[in-house]
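To start, the structure under review is shown below, and the notes come after it.
There are 2 protein chains.
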Amino acid sequence: MKLYNLSAGMNPRRVRIFLAEKGVEIPLQEVDVAEGENAAPEFLHLNPIGKLPVLELDDGTIITESVAICRYIEALHPQPNMFGETPLETAQIEMWTRRAELEFGIPVMNVFENLHPFWVGRITQVKEYGELAREQLLRRMAWLDGELGKRAPEKRDFLVAERYTIADIILQCALIVAKACKVRIPEDQTHLSQWFASVTSRASARA
Amino acid sequence: MKLYNLSAGMNPRRVRIFLAEKGVEIPLQEVDVAEGENAAPEFLHLNPIGKLPVLELDDGTIITESVAICRYIEALHPQPNMFGETPLETAQIEMWTRRAELEFGIPVMNVFENLHPFWVGRITQVKEYGELAREQLLRRMAWLDGELGKRAPEKRDFLVAERYTIADIILQCALIVAKACKVRIPEDQTHLSQWFASVTSRASARA
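Residue numbers (numbering that gives the first Met the number 0), protein chains in the order written: chain A, 0 to 206; chain B, 0 to 206.
See the structure below:
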């Protein structure tokens, strides 16, 4: 297997953390997105929409999409369980994974693409939309801080299932990009801050 | 069980189609979003981010997020399989589910929210962003039409796995909203048009 990687990217980081939690090593091949390597024919042959990460199996089969790659790894290496054991737990982890993706990951990318200097001259930035996305992101942070605060203290370190799961990884990676876009967790959001400190102190966070 | 529903909504439709394919009936309770019922305390108690669908189990447990609800139903009613049987098939269905969600569902909602008259005066619409999302959506349609066209004719009726899966449902529901936003599949995209005609002719499409 080989994992096509973008070190600074939100979605490749998800897979690297996931692999580290599983204790699985897969050779990485860096793709230089800043130099347009992901738009070159060799890469588009792997993933025609030009996005990372991409997992290439030994027989040449391609799996794109971070969560699809993680789910494949989970099937091959079931422990520690990161996607759920029972029907209800699996559904609740998926619920929080989607909330992390759609309510945090998407607005974070909208802030990044529409406000960050990296994209100036590369894509059409719509600043007004980027500002709306930033407000949305801050509202979602406030909501989640409140949700965590309603729980017993020992249940505040993980989004769901009282252990570290794919849902935590998705949110953690979104908030790292948020930080790079200068959208930091407000200081008075102590529960979300504590969660973030907890997940980012894991050894896998440096993967 | 009870399913809180929004008849015209993209995500509740996914669950209704999924249930119809499974032959499972769950009582529906319509939530009047146009009248703000999803922002009322009774509903926010179920889903604090105010979105539909929401599944309420008999013991009061709540599952939000369309795909999480479908995955729960799949665990209780495994046949017909809609999420994958083997590790690879499961990963490939997730890959196409995410492509359908992120490359079609998200831009479709961006078109809807930023350009459709329904939202005038309800949210801040950024027309420039809506136009970009429409272009993005049309580019993705062209890409997918090409992908389907590369396959053998008998493999063009489904996105993945040569049977109707959750990935088809996600794309189908996105393109229904696109149509409501006057973004139709261009006539020269015969493969995508054929796929859409095929999935929408299923009995479940009327659910």
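For every residue, glycine included, the Cβ atom is placed at its ideal position computed from N, Cα and C.
Excluding its 5 nearest sequence neighbours in each direction, residue 125 of chain A has C-beta neighbours in its own chain below 6 Å: 113, listed in chain order.
Looking at A:150, A:98 and A:41, the one whose alpha-carbon comes closest to that of residue 64 of chain B is A:98.
Chain A has a Cβ within less than 8 Å of the Cβ of residue 128 of chain B.
Look at residue 109 of chain A here: in three-state DSSP terms it is helix. Put simply, the CB of residue 168 of chain A is far from chain B, with every gap to its CB atoms at 8 Å or more. Taking a C-beta distance under 8 Å as the contact criterion, residue 106 of chain A and residue 52 of chain A do not qualify as a contact pair.
Only residues of its own chain outside the window of five on either side were considered, and among them 2, 52, 65, 68 and 69 have a CB closer than 7 Å to the CB of residue 14 of chain B, listed in chain order.
Look at the region 34-81 of chain B and you find these whole runs of beta strand (DSSP E), each 3 residues long or longer: 53-55 and 61-63.
In this structure, the straight-line span from the alpha carbon of residue 43 of chain A to that of residue 36 of chain A is close to 9 Å. Annotation for residue 3 of chain A: the continuous beta strand (DSSP E) segment containing it runs 1-4. Interface criterion not met: the Cβ of residue 118 of chain B is under 8 Å from no Cβ in chain A. The C-beta of residue 164 of chain A comes no closer than 8 Å to any C-beta of chain B. The beta carbon of residue 188 of chain A does not come within 8 Å of any beta carbon belonging to chain B, so the residue lies off that interface. The beta carbon of residue 171 of chain A is closer than 6 Å to those of 198 in its chain, skipping five residues each way along the sequence. Secondary structure within the region 95-146 of chain B: the alpha helix (DSSP H) runs of 4 or more consecutive residues, fully enclosed, are 105-114 (chain order).
Using a Cβ-Cβ cut-off of 9 Å, residue 105 of chain A is close to 101 and 105 of chain B, given in chain order. Nearest CB-CB separation between residue 161 of chain A and chain B: not below the 8 Å threshold.
Under the DSSP assignment, residue 193 of chain B falls in the alpha helix (DSSP H) whose first and last residues are 189-199. Here the region 171-183 of chain B does not lie against the region 84-95 of chain A, with fewer than 3 beta-carbon pairs under 8 Å apart. Secondary-structure assignment with DSSP links residue 27 of chain A through a beta bridge to A:2. Secondary structure at residue 19 of chain A: helix, using DSSP grouped into helix, strand and coil. What residue 48 of chain B touches in chain A, judged by beta-carbon distance under 9 Å, is 98, 102, 139 and 142, going in chain order. In the structure shown, the three-state DSSP call for residue 161 of chain A is coil. Taking 8 Å as the CB threshold, residue 70 of chain A lines the interface with chain B. The Cβ of residue 131 of chain A sits closer than 8 Å to at least one Cβ of chain B. Within the same chain, Cβ atoms closer than 7 Å to the Cβ of residue 73 of chain A are found at 81 and 82, the five residues on either side in sequence being excluded. Not one beta carbon of chain A lies nearer than 8 Å to the beta carbon of residue 78 of chain B. Close partners of residue 62 of chain A in chain B (Cβ separation under 9 Å): 87, 90, 91, 93 and 94.
The straight-line gap separating the alpha-carbon atoms of residue 143 of chain A and residue 117 of chain A is approximately 29 Å. The C-alpha of residue 78 of chain A is placed about 41 Å away from the C-alpha of residue 152 of chain B. Not a single C-beta of chain A is nearer than 8 Å to the C-beta of residue 177 of chain B.
At a Cβ-Cβ threshold of 8 Å, residue 131 of chain B and residue 123 of chain A count as neighbours. Beyond the five residues adjoining it in sequence on each side, residue 92 of chain B comes within less than 7 Å, by CB distance, of 82, 83, 159, 160, 164, 165 and 166 in the same chain, given in chain order.
By the neighbour-count criterion, in which 16 or more other beta carbons inside 10 Å mark a residue as buried, residue 30 of chain B falls on the buried side.
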